[in-house]
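Working notes, structure below.
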Amino acid sequence: MRTFVIMVGLPASGKTTLRVGALVGACVICPDDGIGYTRDRPWTPTAARVAWARANEELGKAMSSGGPDVVALDATNVAPKRRRKYIHMAEKAGMVSIALVCLTPVDECLRRNASRDKFRRVPEDAIRRMERNFQMPQVEEGLAAVISVDTMVPEEVSKAAVRLELAIAGDRMGK
Ligand SMILES: Nc1ncnc2c1ncn2[C@@H]1O[C@H](COP(=O)(O)OP(=O)(O)OP(=O)(O)O)[C@@H](O)[C@H]1O
Ligand SMILES: [Mg+2]
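The sequence shown runs 41 to 215 under my numbering.
Right, here's the structure in full:
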């Protein structure tokens, strides 16, 4: 079966870094790409709204039949309510969903965020708010697997690709 990978993690928890190494060959949709986070294209509520509208459209196309075998959404997705819509979309498209979670302590996220370029920085209160909203993904949400990676442990980061591969392969054998 085709697979949808929904990434989960606070801002600056290491999602994009992880998926660049672990999701080679997948079709990755990342709303942040549409925002820019540069001097000329800084984050604004409008830029974020436009980027999300485009990402939702791209996701719909990628999930439609004949699309790539593995489609991933690189965004924070910290709350079940947020994830529901995408897991449901995948289900309707006949795909299985796997959550790939970056478990990084909030203080480390704040540290990593602070050392980013100023246009790429996420406001601290937004990170703290997302931490309050964070709920660990559960299989009951319609997920075939939940893979969590402690990004403070380099071996966990380097094994993420293999764990993901095994989850996808296991799912293919099972269905
Ligand atoms: N395992 C790690 N150890 C140390 N630093 C890391 C690790 N992973 C990522 N970083 C650094 O932390 C910062 C944030 O990483 P990244 O951009 O991947 O996070 P993100 O979760 O995608 O953030 P956002 O939600 O804002 O897009 C980057 O500067 C990155 O180089
Ligand atoms: Mg990112």
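For glycine and all other residues, C-beta sits at the position ideal for the given N, C-alpha and C.
> What are the boundary residues of the beta strand (DSSP E) that includes residue 112?
Replying inline: The count along the sequence shown starts at 1 and reaches residue 112 at position 72. First-last of the beta strand (DSSP E) with residue 112: 110-113.
> Applying the criterion that 16 or more other CB atoms from any shown protein chain within 10 Å of the CB defines a buried residue, is residue 116 buried or exposed?
Replying inline: Along the sequence shown, one-based indexing puts residue 116 at 76. Residue 116 should be labelled buried.
> What residues match up with residue 226 in a beta bridge as DSSP calls it?
Replying inline: Since the displayed the chain opens at 41 and closes at 215, residue 226 lies outside it and no answer follows.
> With C-beta atoms as the reference, is residue 111 less than 7 Å away from residue 142?
Replying inline: For this step, residue 111 is matched to residue 71 along the sequence shown. For this step, residue 142 is matched to residue 102 along the sequence shown. Against a cut-off of 7 Å, the Cβ pair of residue 142 and residue 111 comes out as no contact.
> What is the C-beta distance between residue 71 and residue 149, in whole angstroms, given that I count them as a contact (C-beta under 8 Å)?
Replying inline: Taking the sequence shown and counting its residues from 1, one reaches residue 71 at position 31. Taking the sequence shown and counting its residues from 1, one reaches residue 149 at position 109. Rounded, the Cβ-Cβ distance is 18 Å, inconsistent with contact.
> Alpha carbon to alpha carbon, what distance is there between residue 69 and residue 100?
Replying inline: To locate residue 100, count along the sequence shown from 1; it is residue 60. To locate residue 69, count along the sequence shown from 1; it is residue 29. Spanning the two alpha carbons is a distance of roughly 11 Å.
>> By the three-class DSSP mapping on this structure, what secondary structure does residue 147 have?
In response: Against the sequence shown, residue 147 aligns to sequence position 107. Residue 147: helix per DSSP, three-state reduction.
> Taking the alpha carbon of residue 179 as the point to measure from, which residue in 57, 136, 80 and 153 has its own alpha carbon closest?
Replying inline: Along the sequence shown, read from residue 1 onward, the residue named residue 179 stands at position 139. Residue 136 is the option with its Cα nearest to residue 179.
>> Please classify residue 205 as buried or exposed, where buried requires at least 16 other C-beta atoms within 10 Å of its C-beta.
In response: Your numbering for residue 205 matches position 165 in the sequence shown. Flag for residue 205 reads exposed.
>> Suppose contacts are defined by Cβ-Cβ distances below 7 Å. Is residue 138 in contact with residue 45 by that definition?
In response: Locating residue 138 in the sequence shown gives position 98, where the first residue counts as 1. Locating residue 45 in the sequence shown gives position 5, where the first residue counts as 1. Against a cut-off of 7 Å, the Cβ pair of residue 45 and residue 138 comes out as a contact.
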